[in-house]
Amino acid sequence: MKQEFTAKTIEDAKTSAAAAFEVPVTEIVFTVLEEPKKGLLGIGSKDAKILAEYTPKTKGQIAAAYVKTILSKMGIDNELELREEKENAFIDVIGEVSGTVIGRRGETLDAIQYLASMSANRGTRDYFRVTLNCNGYREKREEILKSLATRLSHTVIKSGGSTTLEPMNPYERRIIHATVSEISGVTSKSIGDEPFRRVVISSTGSPKRRTSPDKTDGQFPRVTGPKTFSRPPKNLSDVPVSPRPDRNFDRDRDRRKQGDDIPLKQIEMPKSSFERDYKKPKTDDSVLGAGSLYDRLDI
């Protein structure tokens, strides 16, 4: 883009060119065509004429220049690699200083990416996407999110419930949704408002119930068939008793029915630990006898 500008001075002509192109003066290449002349008493004066040449930057170049400016303010002098597509620009920050640029879980990187995107889309209606990366951080983060989504999906399938992830940006939420969509039995959705919008992974089926272990498992046999319970007898005399070898309960019972007086064997109750350990003190006659403690007391 080339255009001639005239003004009383060269500086005024450059200012007019910058206003016409809507860019800073430093981004325009100027060529002086005619120097200004004052003349004599205003007669024969001429204005300055310059040729302004400006090559418009692409949106990706605008975003890269903005990122470079922010990094320089942060004291970081890393190199940038720009790769542009039709509606996207990929900017990669290459250098030793990466932790400061990335921040905690990529928060600083996301903030710089957002500002660079706003700078590239200023004054335009069509949205241009800008993706900022630093030493391959985005690829590593993507693998971590895919592994997380897969593990939580299988957990949700077993429990039959749902789980809510921590707040994520739209780029990371898309990775979670794409991974969950490839697993049958689960679904995902986003809830909340930015910047606290979260992904919820839910099961589409009922929870699996635990079955009792089979006999072949080497544990407890599986109980099958209806359960039956017998009622207790109303009369305790009807309860069958297995007699001991040293007693004949049937004979003694028949003799008692005939009126025979059969002495019952006295059962000795077991003694408690106190009764076993207790020893009866011996009687000490000196306590109550002459010269005892009670004799010396004046009652």
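If you read the sequence shown in the numbering used here, its first letter stands for residue 1, the second for the next number, and so on.
Even glycine gets a Cβ: it sits at the ideal position worked out from N, Cα and C.
- Beta-bridge analysis with DSSP links Asp92 to Glu81 and Asn133.
- The region 2–11 makes contact with the region 45–52: 3 or more CB pairs, one atom from each, lie closer than 8 Å.
- Judged by their CB atoms, Leu82 and Lys68 are not nearer to each other than the 8 Å cut-off.
- In this structure, the straight-line span from the alpha carbon of Ser45 to that of Pro24 is close to 29 Å.
- Cβ-Cβ distances below 7 Å link Val156 to Ser162, Thr163, Val186, Ile201, Ser202 and Ser203 in the same chain, with the five nearest sequence neighbours on each side left out; the list follows chain order.
- Comparing alpha-carbon positions, the option among Arg104, Glu87 and Ile70 lying closest to Val93 turns out to be Ile70.
- Here the alpha carbons of Ser147 and Pro56 stand approximately 43 Å from one another.
- Per DSSP, Ile76 lies in no alpha helix (DSSP H) segment and is marked neither H nor E.
- DSSP places Phe21 in the helix class (H, G or I) of the three-state scheme.
- Excluding the 5 residues flanking it on each side, Val199 has same chain C-beta neighbours closer than 6 Å at Leu165, Arg173, Ile176, Ser188 and Ser190, in chain order.
- In this structure Val32 is exposed. Its beta-carbon is surrounded by fewer than 16 other beta-carbon atoms within 10 angstroms.
- Short of 6 Å from the beta carbon of Tyr66, and not among the five residues preceding or following it, lie these beta carbons of its own chain, in chain order: Ala116 and Ser119.
- For Arg174, the uninterrupted alpha helix (DSSP H) run begins and ends at Pro170 to Ser181, by DSSP.
- Between Ala18 and Ile10, the CB-CB gap reaches or exceeds 8 Å.
- Per DSSP, the continuous alpha helix (DSSP H) segment holding Val101 begins and ends at Gly99 to Ile102.
- Partner residues in the beta bridge of Val32, as assigned by DSSP, are Ile50.
- Between the C-alpha atoms of Glu87 and Glu22 there is a straight-line separation of about 23 Å.
- About 7 Å separates the beta carbons of Ile91 and Val130, which is inside the 8 Å limit, making them a contact pair.
- The beta carbon of Ser98 sits closer than 6 Å to those of Cys134 and Asn135, all from its chain and outside the five residues before and after it, given in chain order.
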